[in-house]
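In the order they appear, the protein sequences are chains S and V.
Heads up, the first sequence is in our numbering, so the first residue is 1 and it goes up one at a time.
Heads up, the second sequence is in our numbering, so the first residue is 1001 and it goes up one at a time.
What follows is a single structure, written as structure tokens, with notes after it.
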Amino acid sequence: MEYSYIILLLPMLMFITLGLCGHKMSHRTAGLLGTSGLFIITILSYIVAAQYFMQPRVDGIYPTVTPYHFEWLRFTEWLHIDLGIMLDPISVMMLVVITTVSSMVHLYSLGYMHGEVGFQRYYAFLSLFTFSMLGLVVATNIFQMYIFWELVGVSSYLLIGFYYTRQSAVAASKKAFIVTRFADLGFLLGILLLSYYTKTFDFATLTSGDVSLVGTTEGKTFLGISVASWAMALVFMGGAGKSAMFPLHIWLPDAMEGPTPVSALIHAATMVVAGVFLVARLFPVYVTTPEVLTFITVIGAVTALYAAVVACVQTDIKRVLAFSTISQIAFMMVALGVTTEMNGHGALGYMASMFHLFTHAMFKALLFLGAGAIIHAVHSNEMSEMGGLRKYMPITHITFLIACLAIAGIPPFSGFFSKDEILAAAFEKSAFWGVWMSLVAGLTAFYMFRLYFNIFWGKEAHHEHTPHEAPKTMSIPLVFLALVTCFAGFIPFGHFVTASGLSYTIHLNWTVAATSICIAVVAIALATWLYMKPNDKPARMAESLSSLHRWAYHRFYIDEVYMFVTHKIIFRYISTPIAWFDRHVVDGTMNLMATLTQSASYHIRGLQSGRLQSYAVVFLLGAMIIAAIVLYCI
Amino acid sequence: MNFLSLFVLIPLLMMAGLALSRNMKQIRTVAVIGSSLQLVFAFIVLFMFLGERAAGNTAEMLFVADTVWYAPLGIHYTVGVDGVSVAMLLLSAIVVFAGVFASWKIDPLPKEFFLWLILLSIGVFGFFISINLFTMFMYYEIALIPMYLLIGVWGSGNKTYSAMKLTLMLMGGSALLLIGILGIYFHSSADGNLTMNILEIAKNNAIPHEMQYYLFPLTFVGFGVLGAMFPFHTWSPDGHASAPTAVSMLHAGVLMKLGGYGCFRVAMYLMPWATTELSWIFLILTGISVVYGAFSACVQTDLKYINAYSSVSHCGLVLFALLMWNTTAMTGAVLQMLSHGLMTALFFALIGMIYGRTHTRDIREMGGLMKIMPFLSVAYVIAGLASLGLPGLSGFVAEMTVFVGSFQWDDTFRRVFTIVACTSIVITAVYILRVVGKLLYGKVQNEHHRELTDAAWFERLSAITLIVGVAAIGMAPGWISNLISDSMSVISERILQYI
């Protein structure tokens, strides 16, 4: 653990090196430099994780270790931003997830981005992202998290807009940044409120129970809701923005404009789960504000259903995956939301959420990388351009299938175990959420297999070149992630990460598991019936449900609502009038004063004519007036 | 004569050198040597200051020197520095240094241009080392007058109008200021020993409350005009749009800071009672400035107007933070001055360089510059990211210090305005990304632009100097924040006594 700082330092150095000198390097050098650096920190993270989980437990829990920290900026006597590294079960787990996926993506990109203009820049940004993401998860305090939170935001912005000559990519990157910025405003206000009352930014202090947010804000309410709830809800708003929760999800589907490996790394496996991680990190505080947890559950459940429905009708494979990501992250949020206590039965959701985060990162990265390989082969994102690819791309086909089975929740793949725990936790809270989430799980299986059959089976599209299997650099990560997906479910996750830190043995709740397997199997069967062989059933179904289909295809017009608000209201009815007001009223007043002065002097100027006669007249008149005043008034 | 006066002496020697030089090469040599000396000297003063402080010298102002100038009117030439002025001197030296390189190819009349530019810098440096109302005011005026000629002669567009407007409005401000300063002078002491020395006035603390009531608004607005306080900011868009590159840099980068600096050094420090009584009015005005400027910037199409309005927003935050009184917010205000100074100078330098190539500043007529001028474009993106408060660059540090400081008040009035000010982080992102997206990304709009060249070495040097400054504050803010807050706490505690 004493080498943990290298895990942060190396990607940063890599970013600086590639950023400053990248353009002088060959593509090969830059790519190998970036990738080898990432493999080094991946190994270091595994060592750190091994050391961390090997150490003896104290009172049954793994102690939190802070190997490094220093004061970076002091605000007041008690508020100061520290930078440091904090290792506890969830941050160590995140280290492993991030470095694993990131190194796979680095390796994969060697093949995928081969020969692209700006290859070095791409690797520089990937390093920047990895650095920021790692800094985020090991943050010792909420402000450090906010700092790295913003940095991942900007790396995401830079990577989405990687093809900066493409208008749609520029627009998507801008949208992603501004929407998450808006959410971060909430996060910032949340931090300010939280720190004002608790007098600290430190996670250790906040979560230890020594200071209680609810205690210090006792009796303070705003709009009928307690200040403690406001603070935690605002903090959650930041998380909802990054994790693309409804209604702040609109940036994620557009973010697919970025290169596909980037989508795999940032918009599927790591950055988008930052919101879940944030809630988990502050969970001991969230537990004290149950109404916020309910709020999180509702938001999560709505998002999960919404995204699953939309995913069923999209035709762009990356968009299907994007909505599936939104839906799966919402599962994790719901799992956190239904957790009611730190220990005992009610605490299951926390572990389930983290477990799902872990497994999802692996199989979703696999799905995206597989999609990348497919796009690489057929040069299109549209399902209609695919079909029958199983013959040409066997490795991609098998690994993609494994990931689909995992996400659909079929044992023994990893997704089954984690999703089962989430459903069990939801049922633990109430049957309503349990049934709701089970239905969404069914939808998940359906749209994933719709995707699978449309790509690998179904009608074969006409291809200009015969599609070919991806090069080694791309297929090795696929195989590796597929292996992880096959076996990750058997990790005794409850042994490492739980809400209280105490070891917990996962035992499957067979009632829940059996139901969810049944639902998944039915959904897969339905998808098979509809999409495996070319037929007109899907078209007829879309026809009969035409309005629902149209609404879902257009993502229920949420984007249009946003466009209306930003373009019409903010630009046309706020900014433009303000700019006009400034030019014409404020500046107009100044100009008016100048004009008045000028015209006044123009008129007065006549008095200084230099003509003796007029001076004499004025003099005489003046003298007479004064004389008159003197004579009559005094 | 104290060594601080070298800040004024070096430029004077530069002016003499410029007057004697006969060709472009000599002019450049003199300007580069002079501004480098200035920069080195600013660092020396910084280290001397830190050394003294480390040695335990806790006097409010260090290196104080006082010379009688005109005894019958009690006019003294008094200099001295505290942490804030040291930081501001450093900022000025960096911006002047970068400005010299940004006007490497100034045409016509290079000699005269540099003469006026250096005279302007004398005013700026002199202002920051002064601790006497008279010298302060004098230097303030010295800094203002050259603007008129610099814009009027070397400017572009509607330059006569802009030069006139800028000068008249700022002169109007200084007229208010003059009354304020005289008022302070005549009430500076209870026992008839009138003085213009700020330290003595503060020590005497003799200005009666009812006088403070009038003098505070006079001085605050007087300086506030230069700090682009709403509704006295309209000189800024026109003035910046017409000014030549180096003048915009110096003006937005340093001169506007004189406003904020004067506000706390004179208005707030000398009249703490009135500060606590009247701040609410100005808090409203500056709170409006912050979002108003940002919203206005969203729909502008001229690059310089965008930055001028963005300056209104950022400088509004400076005054806003000062009016929060506590040490944290006031430190944030100075950090924001530094950050805004460096980053706006960078913006204006880059805009000047882009304009020099494309001959347009209208973002609708440009596009895809990233492909054509990668260096300038990347620098522009960095400036933009600093402006929208990306961690690791100076804007973040400044804004966060301001917000955390302002949030330490829990009355509804200040809370509401703090939250309003916080929303600027989103609006700033909107207008910055809009410009970056239109100007640098996308397809090349004008085929003629394809033949343009990227930055020359002197332009690179100018931009890199400023980027280093922005990044240095952003990455390691601790030392400069401590330097400022040590000195700011004196002023802040003085005000907080009265609530």
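Heads up, the beta-carbon is just placed ideally off N, CA and C, and yes, glycines get one too.
Everything numeric in this text was worked out from a predicted model, so none of it was measured.
Residue pairing from DSSP places S/LEU87 in a beta bridge opposite S/VAL65.
In this structure, V/MET1366 is the residue among V/MET1366, V/PRO1477 and V/ARG1460 with its C-alpha nearest to the C-alpha of V/GLU1447. Where V/ILE1075 is concerned, the enclosing beta strand (DSSP E) starts and stops at 1075–1081. Against chain S, the CB of V/ALA1016 has no partner CB under 9 Å away; the residue lies outside that interface. The beta carbon of S/GLN51 sits closer than 8 Å to those of MET1, all from its chain and outside the five residues before and after it, given in chain order. By the 16-neighbour rule on beta-carbons within 10 angstroms, S/ASN535 is exposed.
Taking a 10 Å sphere around the C-beta of V/TYR1077, we find 16 or more other C-beta atoms and assign the residue as buried. DSSP places S/ASP184 in the uninterrupted alpha helix (DSSP H) bounded by 167–198. Listed along chain S are THR165 and GLN167, each with a C-beta nearer than 8 Å to that of V/LYS1443.
Here V/ILE1044 is exposed. Its C-beta has fewer than 16 other C-beta atoms within 10 Å. Approximately 6 Å separates the beta-carbon atoms of S/ALA426 and S/VAL334; this is inside 8 Å, confirming the contact. Under the DSSP assignment, V/ALA1065 falls in the beta strand (DSSP E) whose first and last residues are 1062–1070. A straight line joining the alpha-carbon of S/LEU159 with that of V/ILE1151 spans about 41 Å. Excluding residues up to 5 positions away in sequence, GLY241 and LEU248 lie with their Cβ nearer than 8 Å to the Cβ of S/PHE182 in the same chain. For S/HIS27, the enclosing alpha helix (DSSP H) begins and ends at 27–54. The Cβ atoms of V/LEU1199 and V/MET1061 sit closer than 9 Å to each other. At least 9 Å separates the CB of V/PRO1072 from every CB of chain S. The straight-line gap separating the alpha-carbon atoms of S/ALA244 and S/ALA406 is approximately 22 Å. Apart from sequence neighbours up to five positions away, the residues of its chain that approach S/ALA513 with a beta-carbon distance below 7 Å are ASP420, ordered along the chain. Ranked by how close their Cα comes to the Cα of S/ALA255, the residues S/GLU382, S/PHE177 and S/GLU150 have S/PHE177 in first place.
DSSP places S/MET393 in no alpha helix (DSSP H); its state is neither H nor E. Three or more beta-carbon pairs separated by less than 8 Å link the stretch 115–131 of chain S to the stretch 16–32 of chain S, which places the two stretches in contact. Under the DSSP assignment, S/PRO253 falls in the alpha helix (DSSP H) whose first and last residues are 251–254.
Sequence-ordered contacts of the stretch 45–75 of chain S with chain V read GLU71, TRP72, LEU73, ARG74 and PHE75 [C-beta pairs closer than 8 Å]. Within the stretch 401–445 of chain S, complete alpha helix (DSSP H) segments of at least 4 residues are found at 414–429, given in chain order. For S/ARG74, DSSP records a beta bridge to S/HIS80. With contacts defined as CB atoms closer than 9 Å, S/SER516 and S/GLY409 qualify as a contacting pair. In this structure, S/VAL214 lies near S/ALA228, with their beta-carbon atoms less than 9 Å apart. If you check each beta-carbon in the stretch 201–221 of chain S against every beta-carbon of chain V, none falls closer than 8 Å. Distances from the alpha-carbon of V/GLY1227 to those of V/LEU1461, V/VAL1318 and V/MET1138 put V/VAL1318 closest. Residue-level contact check: V/GLY1341 does not touch chain S, since none of the beta carbons of chain S fall below 9 Å from its beta carbon. Here V/GLN1497 is exposed: its Cβ has fewer than 16 other Cβ atoms, across all protein chains shown, within 10 Å. No Cβ-Cβ contact shorter than 9 Å links S/ALA307 with S/SER414. Proximity of chain V to S/ILE574 at the Cβ level (cut-off 9 Å) is accounted for by PHE1295 and CYS1298, in chain order. The criterion of a C-beta distance shorter than 9 Å is satisfied by V/GLY1099 and V/THR1245. Taking 9 Å as the cut-off, the Cβ atoms of V/GLY1469 and V/SER1394 count as close.
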